[in-house]
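Protein sequence lines correspond, in order, to chains A and U. Be aware that the first sequence starts at 404, since it is given in the working numbering, and climbs by one per residue. Be aware that the second sequence starts at 404, since it is given in the working numbering, and climbs by one per residue. Just so you know, even glycine gets a beta-carbon here, dropped at the ideal spot from N, CA and C. A quick note: this is a predicted structure, and the numbers were derived from the prediction, not measured.
Protein chains: 2
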Amino acid sequence: MPKADASPRPQPKDLSHHFSAMAKLRVQSSVAPFVQALTPSITNLGAGFPLAGTFPADSLEGAIAKTNRFPLHPMSPTSFPSLDISRFTIPKFSSSIPAVIATDNRIDLATSLQYQDSTGLPSLANFISDFSINHQNQGKIPYSKPEALITSGAVDAFSKCLSTFANPGDSILMEEVTYFTARDAVLPFRVRIAPMKLDDEGIDAVALNRMLDTWSEKNMGRKPHMMYTVSLGQNPTGSVTPLKRKKMIYEVCQKHDILIFEDEPFWPFQYNISEASTETFLATLAPSYLQIDIDGRVLGINTFTKVIAPGCRVGWIVAQPAFIEKLTFLTDDSTSNPSGFGEAVLAQLFRQWGVQGFVRWIEGLRASYLQKRDVLCEALAEGRDLIVHNRSKRKRHSEEHNEHHHNHKTKIRMYEFEVPAAGFLLWVQINTASHPLSHTSRGKSRLTPSEIIQLLWKHLYGPPYNLLTIPGNIFAATPGVQKEIDAAGVGHLRLAFIGVETSDLKRVGEVFGNAMKTFWEGEGWGLEALDADEEV
Amino acid sequence: MPKADASPRPQPKDLSHHFSAMAKLRVQSSVAPFVQALTPSITNLGAGFPLAGTFPADSLEGAIAKTNRFPLHPMSPTSFPSLDISRFTIPKFSSSIPAVIATDNRIDLATSLQYQDSTGLPSLANFISDFSINHQNQGKIPYSKPEALITSGAVDAFSKCLSTFANPGDSILMEEVTYFTARDAVLPFRVRIAPMKLDDEGIDAVALNRMLDTWSEKNMGRKPHMMYTVSLGQNPTGSVTPLKRKKMIYEVCQKHDILIFEDEPFWPFQYNISEASTETFLATLAPSYLQIDIDGRVLGINTFTKVIAPGCRVGWIVAQPAFIEKLTFLTDDSTSNPSGFGEAVLAQLFRQWGVQGFVRWIEGLRASYLQKRDVLCEALAEGRDLIVHNRSKRKRHSEEHNEHHHNHKTKIRMYEFEVPAAGFLLWVQINTASHPLSHTSRGKSRLTPSEIIQLLWKHLYGPPYNLLTIPGNIFAATPGVQKEIDAAGVGHLRLAFIGVETSDLKRVGEVFGNAMKTFWEGEGWGLEALDADEEV
Numbered sequence: 404m405p406k407a408d409a410s411p412r413p414q415p416k417d418l419s420h421h422f423s424a425m426a427k428l429r430v431q432s433s434v435a436p437f438v439q440a441l442t443p444s445i446t447n448l449g450a451g452f453p454l455a456g457t458f459p460a461d462s463l464e465g466a467i468a469k470t471n472r473f474p475l476h477p478m479s480p481t482s483f484p485s486l487d488i489s490r491f492t493i494p495k496f497s498s499s500i501p502a503v504i505a506t507d508n509r510i511d512l513a514t515s516l517q518y519q520d521s522t523g524l525p526s527l528a529n530f531i532s533d534f535s536i537n538h539q540n541q542g543k544i545p546y547s548k549p550e551a552l553i554t555s556g557a558v559d560a561f562s563k564c565l566s567t568f569a570n571p572g573d574s575i576l577m578e579e580v581t582y583f584t585a586r587d588a589v590l591p592f593r594v595r596i597a598p599m600k601l602d603d604e605g606i607d608a609v610a611l612n613r614m615l616d617t618w619s620e621k622n623m624g625r626k627p628h629m630m631y632t633v634s635l636g637q638n639p640t641g642s643v644t645p646l647k648r649k650k651m652i653y654e655v656c657q658k659h660d661i662l663i664f665e666d667e668p669f670w671p672f673q674y675n676i677s678e679a680s681t682e683t684f685l686a687t688l689a690p691s692y693l694q695i696d697i698d699g700r701v702l703g704i705n706t707f708t709k710v711i712a713p714g715c716r717v718g719w720i721v722a723q724p725a726f727i728e729k730l731t732f733l734t735d736d737s738t739s740n741p742s743g744f745g746e747a748v749l750a751q752l753f754r755q756w757g758v759q760g761f762v763r764w765i766e767g768l769r770a771s772y773l774q775k776r777d778v779l780c781e782a783l784a785e786g787r788d789l790i791v792h793n794r795s796k797r798k799r800h801s802e803e804h805n806e807h808h809h810n811h812k813t814k815i816r817m818y819e820f821e822v823p824a825a826g827f828l829l830w831v832q833i834n835t836a837s838h839p840l841s842h843t844s845r846g847k848s849r850l851t852p853s854e855i856i857q858l859l860w861k862h863l864y865g866p867p868y869n870l871l872t873i874p875g876n877i878f879a880a881t882p883g884v885q886k887e888i889d890a891a892g893v894g895h896l897r898l899a900f901i902g903v904e905t906s907d908l909k910r911v912g913e914v915f916g917n918a919m920k921t922f923w924e925g926e927g928w929g930l931e932a933l934d935a936d937e938e939v
Numbered sequence: 404m405p406k407a408d409a410s411p412r413p414q415p416k417d418l419s420h421h422f423s424a425m426a427k428l429r430v431q432s433s434v435a436p437f438v439q440a441l442t443p444s445i446t447n448l449g450a451g452f453p454l455a456g457t458f459p460a461d462s463l464e465g466a467i468a469k470t471n472r473f474p475l476h477p478m479s480p481t482s483f484p485s486l487d488i489s490r491f492t493i494p495k496f497s498s499s500i501p502a503v504i505a506t507d508n509r510i511d512l513a514t515s516l517q518y519q520d521s522t523g524l525p526s527l528a529n530f531i532s533d534f535s536i537n538h539q540n541q542g543k544i545p546y547s548k549p550e551a552l553i554t555s556g557a558v559d560a561f562s563k564c565l566s567t568f569a570n571p572g573d574s575i576l577m578e579e580v581t582y583f584t585a586r587d588a589v590l591p592f593r594v595r596i597a598p599m600k601l602d603d604e605g606i607d608a609v610a611l612n613r614m615l616d617t618w619s620e621k622n623m624g625r626k627p628h629m630m631y632t633v634s635l636g637q638n639p640t641g642s643v644t645p646l647k648r649k650k651m652i653y654e655v656c657q658k659h660d661i662l663i664f665e666d667e668p669f670w671p672f673q674y675n676i677s678e679a680s681t682e683t684f685l686a687t688l689a690p691s692y693l694q695i696d697i698d699g700r701v702l703g704i705n706t707f708t709k710v711i712a713p714g715c716r717v718g719w720i721v722a723q724p725a726f727i728e729k730l731t732f733l734t735d736d737s738t739s740n741p742s743g744f745g746e747a748v749l750a751q752l753f754r755q756w757g758v759q760g761f762v763r764w765i766e767g768l769r770a771s772y773l774q775k776r777d778v779l780c781e782a783l784a785e786g787r788d789l790i791v792h793n794r795s796k797r798k799r800h801s802e803e804h805n806e807h808h809h810n811h812k813t814k815i816r817m818y819e820f821e822v823p824a825a826g827f828l829l830w831v832q833i834n835t836a837s838h839p840l841s842h843t844s845r846g847k848s849r850l851t852p853s854e855i856i857q858l859l860w861k862h863l864y865g866p867p868y869n870l871l872t873i874p875g876n877i878f879a880a881t882p883g884v885q886k887e888i889d890a891a892g893v894g895h896l897r898l899a900f901i902g903v904e905t906s907d908l909k910r911v912g913e914v915f916g917n918a919m920k921t922f923w924e925g926e927g928w929g930l931e932a933l934d935a936d937e938e939v
């Protein structure tokens, strides 16, 4: 993987006019110079730091997977991944040179359980910085010099971006269907969401530019100066925005002076790539906006949630130094560094794996998720059509006595989906217009797509199917978006394929198809009850 | 330790009018009902939760201290604490009943490294809730039913309180000298700080009431509806506010409808108590405001930083349920739960220690800190006076040739301090008025106390003393407070006694006294240089 070349790079633009009123007031912690004055030759009567001897944890040890646990090619559904492990030991003290706040790469409990700068344990922070800038982003970030700040996960990172850039009354651009937690996090900031049209490559750059060109502050509120996007495995649609499209969108953001908060939890789980060696794997992936960010207007948000474990609660932000500085001041005043237990284990894991080992680990996960995607998509494709025998409804209910009914077979497509290009999520469009409840019938009023999805969700969740899905309406960026989807006569369910063992996914896909079929045929919404009413 | 008795308790008051504009908009996460719908009998196609088999950590093990590591009575300065340990092992799976989000008290990596409710790992959250409500606060919180919310430390907790209750333009009451990080955290919220007068029992309740009774919104801005206080080991003064005074202050807060954010990192390190058995230790401590909080207007902030280790990054807030609910919604949108690695280790530690073991651990730390306090205070008391031989300055500089100078000994008290009643901190008043630089001399303009403290700080920090201290000015709640302190002709240094080994503290205290003496005698501020100038 290439390191940044040595040619000089331009400074990022001064974009400090984007800072929120709150961020403008954030300055360096008043105690920081005194903590920085703590060196091994100094007696600490200043900072109220307990001695490491008072920490009750004397060592932390354990077992971690070897990087080849998951094979790079599909496994037989009944085979198991490798259970080889490496042991690790994190001692209480790893150096005879005392340091209250260590600035070197030591990994020990005396350091990780002590107070730290809110930039985190150096051994972990340095790994993240090197990995994200030189490997994940291939040393290609165009300006001098991007920095990485450790956070308590991606949601924490986005929340810190909002605190740093959003004022009440601002507007933010979000994909028309988007990650619900990001949408939920925006609203209390009294920031208006401006939905962006999507196609199968993500944000429609032309429609975006038109919206911004014709923005009327009188009718639409303050013009957006921020964008939130998930471009590599969009949540929920699973699309990947290729570089060419990204360049168009970035130009629109330059023209209209918009910051980009790019949240990429799924970035390495891209499926439409030419598979290569571990050495070249990262280079084959569609890139982040960071790689074309000549201005320094992108804040790249990332996390270990999907590549290590959600419980790490460790993420990071890559951005220009002036942004990282304000975000660090905010971190000083709020979360500080992540847990020292977690930092030490992660730092040790990456020390034992190395960058190439971490990439190999990710590749293995990707191969496993690709297999899951394919198994579920195949099973779902099988079940998407309902074969019906066309008859009039009256005839159907007196079937036994009717010798003359027509019996044409018709195929109803109950649901459809794009195979996701990245991530773990299937955005399944439910063709509610083809469902009996969407038609006016016997004086009963027609149900809206959202109402049908609500009944469908319950039907899938109840016995005998017992499937948890997420209804599409919670992904709508705004109530207006949901109205448009309803008006199109469709609804959605989001299915995640990572929570089910590969060996079980075919069956689960079939259960889904069967449950859809019975829902179209009358189960789950009281057709019998309706009929009974009528026949009384 | 008593549990809450069974008699019915009143509901807390509805104090929702205190919520910030931001908090009023915070509602339950839109995905929460779907995550709650995940039970062992349900197939998860909904939440994008990786399977635990993909977490690379297979086990976490280690060694923790036994609870008697630190003896309850002063050790000889050269003796070592007990090095007995207990081993622990946290397995990947601890139960054959699968749970994506476990609601029981299991401690395993499959649970702690998975997504969790932002209320944290149940085994740890339940311990904290029981410990803080039934033991730390003795089951005495007067209303029905207080709750505890886990946070990423005390600074995170206070930041969340500000987000939940502070609007721009609000005012907050803070002790006139206060914890700098809390003061720094307030300012970006565009909240004005109203300083409260302190005496040796903490906040002066009468002065506080007078200020609020006579508050002029025209001259002083919006009347405060929030108070931040550290009442059990005030930072920096080390005072403890006894129950009687607390009742007076609480009544003032009731009268003026003020919420109390009570930050008590030092609560168990109280020194003026009648020592008792481990069973009764917590009952001997001066209580939190929570124990008299009939209205539910106190948010008690606490942390494991001083009783386990700063790197835990785990704290908690105890408050009435309506407050905890809003703080939980904010947690959903920001930090989520603390690190699963840290949660698992802490939960395991407390399982092995039990509540009584944890109390015994705390008692041992307290005994160790009491000894440190006494050693340092004794050494500092020795060195606080400078014996000077009274002469005119002119005579002094021609001493060799002056046979007739008077030689009266005078004692100058260079510094003084109250022995802290709790905590780790000594608030040392420097009598700058007695320092030569405070007097106009030979046309050189007199230095302010703050300027003298700045020179003194450098003098102490430099060789041969190499002592890090914290100058008093960074504790001033407002610039106005600092002006008043300057006007009184004094300055301060804060000394922490926990960062130095007990065996070294006597020497360090003597070094401090010597350094003060040489600073009074002319080192560290260029007396020789001044003299040289004059004699040219």
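In whole angstroms, give me the CA-to-CA distance for residue i and residue j.
i, j, result
"A:S433", "U:G875", "12 Å"
"U:S801", "U:N622", "Confidence at U:S801 is low in this model, with a pLDDT of 45, below 50, so its placement is unreliable and no value can be given for it."
"A:S717", "U:R787", "The sequence shown places Val at residue 717 of chain A, not Ser. Computed Cα separation, rounded: 48 Å."
"U:S737", "U:D616", "38 Å"
"A:S680", "A:P823", "23 Å"
"U:S497", "U:D511", "6 Å"
"U:E604", "U:K775", "22 Å"
"A:F422", "A:I727", "12 Å"
"A:K651", "A:V580", "The question names Lys, yet the displayed sequence has Met at residue 651 of chain A. Taking the straight line from one Cα to the other gives about 20 Å."
"A:G624", "U:I536", "47 Å"
"A:A747", "U:Q517", "18 Å"
"U:F684", "U:S677", "9 Å"
Which whole-angstrom value is the C-beta distance of residue i and residue j, which I expect to be below 8 Å?
i, j, result
"A:D719", "A:L552", "Residue 719 of chain A is actually Trp in this sequence, not Asp. Right, the Cβ-Cβ distance comes to about 6 Å (below 8 Å), so this counts as a contact."
"U:A712", "U:L527", "No, U:A712 and U:L527 are not in contact; Cβ-Cβ is about 15 Å, not under 8 Å."
"A:A468", "U:P459", "4 Å"
Since residue i meets chain A, which of its residues come closer than 9 Å, beta carbon to beta carbon?
i, result
"U:W670", "Neighbours of U:W670 on chain A: none; closest Cβ ~15 Å, over 9 Å."
"U:V903", "T446, N447, L448 and L454"
"U:L428", "L590, P591, F592 and R593"
Going along chain A in order, which residues have a C-beta closer than 7 Å to the C-beta of residue i?
i, result
"U:L685", "The contacting residues do not exist; U:L685 stays about 19 Å from chain A at best."
"U:V643", "Neighbours of U:V643 on chain A: none; closest Cβ ~17 Å, over 7 Å."
Does DSSP put residue i in a helix, a strand or coil?
i, result
"A:R490", "strand"
"U:R472", "coil"
"U:K798", "With a pLDDT of only 47 at U:K798, under 50, the local geometry of the prediction cannot be trusted, and the value read off the model is given with reservation. Correct three-state label for U:K798: helix."
"A:H420", "helix"
"U:A466", "strand"
"U:E721", "First, the residue type needs correcting, since residue 721 of chain U is Val and not Glu in the sequence shown. In the structure shown, U:V721 sits in a strand (DSSP, three-state: E or B)."
Which bits of chain D does residue i rub up against, with CB to CB less than 7 Å?
i, result
"U:E464", "You won't find chain D in this structure, because its protein chains are A and U."
Using the beta-carbon of each residue, which ones in chain U are nearer than 7 Å to residue i?
i, result
"A:Y518", "P713"
"A:T457", "L768"
| Short-range partners of chain A found in the stretch 544-558 of chain U, where Cβ spacing is below 7 Å | S555, G556 and V558
| message | Give me the subset of the stretch 723-755 of chain U whose CB atoms are less than 9 Å from a CB atom of chain A, sorted by chain position. | response | F732, L733, D735, D736, S737, T738, S739, N740, P741, S742, G743, F744, G745, E746, A747, V748, L749 and L752
| query | For the stretch 868-882 of chain A, which residues have a beta carbon sitting closer than 7 Å to at least one beta carbon of chain U? | reply | N869, L870, L871, T872, I873 and I877
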